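The structure appears below as C-alpha cells.
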Amino acid sequence: MSKQIVNEDEHIAILNQELQKLDGYQEGMEVIGVPEGCSGSDLSGYSFNGPELTRGLVALAAKEFDEKYEVRVT
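With the sequence shown counted from 1, adding 80 to any position gets you our numbering.
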C-alpha cells in the first residue's frame, strides 16, 4: 500500500490528531515545530509541549503516522 505524501506542516497537524486519539492524552499535549513560528522547510526539528508523559505518546503517534504517511520537504 502506498503512503500519502504530506509536507512538514501537515506532518505536525496529523501527529497532533493522532496524539489526541491515544489513551493517556491530556489537554495541552502537542507536537510543535522548532524554531517556533517557522513552517515548512524552515523547520529544524520538532519538540512537544505538555507533561513528561507526552514523550511516550508522541512516539506512539509517530508510529501511527509512519504507517500511513511519508513527509516530503517543500
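Backbone N, C-alpha and C define an ideal beta-carbon position, used for all residues, glycine too. Owing to the predicted nature of the structure, the values given are computational and were not obtained by experimental measurement.
- Our two residues, A142 and G108, have alpha carbons roughly 18 Å apart in a direct line.
- In terms of Cβ geometry, S124 and D89 do not form a close pair [threshold 8 Å].
- When secondary structure is reduced to three states using DSSP, N96 falls in the helix class.
- Per DSSP, the beta-bridge partners of F128 are V111.
- Taking every protein chain shown into account, the CB of V111 has 16 or more other CB atoms within 10 angstroms, so this residue is buried.
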